[in-house]
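A.B. asks: This note's numbering numbers the first residue of the sequence shown as 17 and each following residue consecutively.
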Amino acid sequence: MERLKAIGVETFQIKMSHPFDIKAAWQLSMVCRKIGIDVIHTQFLRENYIAILSRLFNPRVKVIYTNHFVIPNNTVQKICNRILTSFNAHIIAVCNKGKDMLIANGNKVTIIRVIFNGVDVSYWGEPCKSSMREEFGIGKDQFVIFCASRFAHDKGHGFLVESLAELKKMTAVKFKCVLAGDGPLLPAIKKQVSDLGLQDDIIFAGFREDMKNLFYGSDLYVNSSEHEALSFLIIEALASGLPVIATDMGGNRDIINTETGCGILVEYGNSKEMAGAILKVMEDRDLRRHFIENALKTVRERFNIDKVADNTYNLYVNQDIMC
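1. Counting pairs of beta carbons, one from the stretch 88-96 and one from the stretch 207-215, are three or more of them closer than 8 Å?
2. Any C-beta of chain D sitting closer than 8 Å to the C-beta of Ile119?
3. Just to confirm, are Phe248 and Asn133 a CB contact at a threshold of 8 Å?
4. May I ask you to list the residues that DSSP assigns as paired with Gly279?
5. Could you check whether Ala168 and Met227 sit closer than 8 Å to each other, using their CB atoms as the reference points?
6. Quick one: what's got a C-beta closer than 8 Å to Ser287's C-beta in the same chain, skipping five residues either side?
7. How about Val79 and Gly114: do their beta carbons lie closer than 8 Å?
8. CB Gly233 to CB Arg149, shorter than 8 Å?
9. To the nearest angstrom, how far is the alpha carbon of Ile56 from that of Asp198?
10. Count the other C-beta atoms from every protein chain shown that fall within 10 angstroms of the C-beta of Lys190, then say buried if there are 16 or more, exposed otherwise.
11. Can you list, in chain order, the residues of its chain with a C-beta nearer than 6 Å to that of Phe319? Leave out the 5 residues immediately preceding and following it.
12. Would you check if the distance between the CB atom of Val110 and the CB atom of Gly267 is smaller than 8 Å?
13. Measure the alpha-carbon distance for Arg305 versus Gly292 and round it to whole angstroms.
14. CB-CB under 8 Å to Leu202, same chain, minus the five flanking residues each way: which ones, in chain order?
15. Would you give the residue range spanned by the alpha helix (DSSP H) that Asn330 belongs to?
16. How long is the line joining the alpha carbons of Ala262 and Ile294, rounded to whole angstroms?
17. With DSSP run on the structure shown, which of helix, strand or coil describes Ile131?
18. Buried or exposed: where does Gln43 fall if 16 or more other Cβ atoms within 10 Å of its Cβ makes it buried?
19. With DSSP collapsed to three states, give me the class of Met338.
20. Use the C-beta contact count for Ile119: other C-beta atoms within 10 angstroms, 16 or more gives buried, fewer gives exposed.
Set out below in structure tokens:
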């Protein structure tokens, strides 16, 4: 809200206590009437239910819901989805797996559209001089693997560390893995690194906001998540010209496949396969060059923020929306 206010966007905050908060729905309807809102765009399930309920008081408004997860709903939620989301004008899935899950969760098939996440290609694609290697004392001859995510169970840091232990057995090539982020599992992962004797190979960079600096100081981006929808970090890494190795989860297959040719997918939990994929990128310069060439091309063609904006706007002005 503070960022919106700073650029002059009028904001309103409505407190919501549960998904069927009628008071919040009424307040939302009053705000929409007051400033002439035609479309409510929700980003989470609770907010979507409340926005739909607000139509009881203001039926002219239309509701679009973007689902950012690939997670099964419980039985009660599935029943509610069948009843309530039939009143959505459109539902957006950020990946094809997300669409499949929305259907499995009881949402109306005919109103679901897939619009991939996107990033600002002009920003990420403009090269920058990175200070990362100098900051962490990484030599020019060392191969740098980078991973950025919160240290939580579903991000697969333990699996990644096991993979790096396997990688060390496979090669004498010098490498460093930079892990950026914080979270509840950080102490446990640090202990795992110590137990495996990888202290000299893995760098904990902490919470960082200079992602572009870190991308441009790296040779490879790795996503080790157990659950994933459509990762902005993967797209940002590609837009920065990095090849990517990622787990074959959620929407990762929409990004990395034989058609895009920008990286390698591996099975989650298979540390030898992950290590082998990293080694392949490390040792095969032609393959790495091929991935790098396709990285920015993939983002420009499929995951460009301008394309996301156009596709979303087209839903807003669609005749089904404005009737």
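Don't be surprised by glycine CBs; every beta carbon is placed ideally from N, CA and C.
C.D. replies: From the atom records:
1. no
2. Here chain D cannot be found, since the structure has a single protein chain.
3. Residue 248 sits at position 232 when you count from the first residue of the sequence shown. Residue 133 sits at position 117 when you count from the first residue of the sequence shown. A contact, by the Cβ cut-off of 8 Å.
4. Translated into positions along the sequence shown, residue 279 becomes position 263. In DSSP, Gly279 forms a bridge with Val260.
5. Within the sequence shown, the letter at position 211 stands for residue 227. Within the sequence shown, the letter at position 152 stands for residue 168. Going by C-beta atoms, Met227 is not nearer than 8 Å to Ala168.
6. Translated into the one-based positions of the sequence shown, residue 287 becomes position 271. Phe175, Glu178, Ser179, Ala181, Glu182.
7. For the purposes of this step, residue 79 is identified with residue 63 of the sequence shown, where counting begins at 1. For the purposes of this step, residue 114 is identified with residue 98 of the sequence shown, where counting begins at 1. No; because the gap between Cβ atoms is not below 8 Å, this pair is not in contact.
8. Here residue 233 refers to the residue found at position 217 when the sequence shown is read from its first residue. Here residue 149 refers to the residue found at position 133 when the sequence shown is read from its first residue. In contact: Gly233 and Arg149 (Cβ atoms closer than 8 Å).
9. As a position in the sequence shown, residue 56 is number 40, starting the count at 1. As a position in the sequence shown, residue 198 is number 182, starting the count at 1. Cα-Cα distance, rounded: 34 Å.
10. Position 174 of the sequence shown, counting from 1, holds the residue named residue 190. It counts as exposed.
11. Numbered from its first residue, the sequence shown carries residue 319 at position 303. Closer than 6 Å at Cβ, skipping near neighbours: Phe132, Gly134, Ile251.
12. Taking the sequence shown and counting its residues from 1, the one referred to as residue 110 is at position 94. Taking the sequence shown and counting its residues from 1, the one referred to as residue 267 is at position 251. Yes, they are a contact pair.
13. As a working mapping, residue 305 is identified with position 289 in the sequence shown. As a working mapping, residue 292 is identified with position 276 in the sequence shown. The straight-line gap from Cα to Cα measures roughly 18 Å.
14. Position 186 of the sequence shown, counted from the start, is the residue given in the question as residue 202. Only Phe167, Phe220 meet the Cβ criterion.
15. Taking the sequence shown and counting its residues from 1, one reaches residue 330 at position 314. Asn330 -> alpha helix (DSSP H) spans 321-333.
16. What you label residue 262 is simply residue 246 of the sequence shown in a count that begins at 1. What you label residue 294 is simply residue 278 of the sequence shown in a count that begins at 1. Using only the alpha carbons, I get a separation of about 10 Å.
17. Here residue 131 refers to the residue found at position 115 when the sequence shown is read from its first residue. Looking at Ile131 - three-state DSSP - the assignment turns out to be coil, as it is neither helix nor strand.
18. The count along the sequence shown starts at 1 and reaches residue 43 at position 27. The residue is buried, with at least 16 neighbouring Cβ atoms inside 10 Å.
19. Taking the sequence shown and counting its residues from 1, one reaches residue 338 at position 322. Residue placement at Met338 is poorly supported in this model, since its pLDDT is 41, which falls under 50; the coordinates are not used for a value here.
20. For the purposes of this step, residue 119 is taken as residue 103 along the sequence shown, with counting starting at 1. Per the 10 Å Cβ criterion, exposed.
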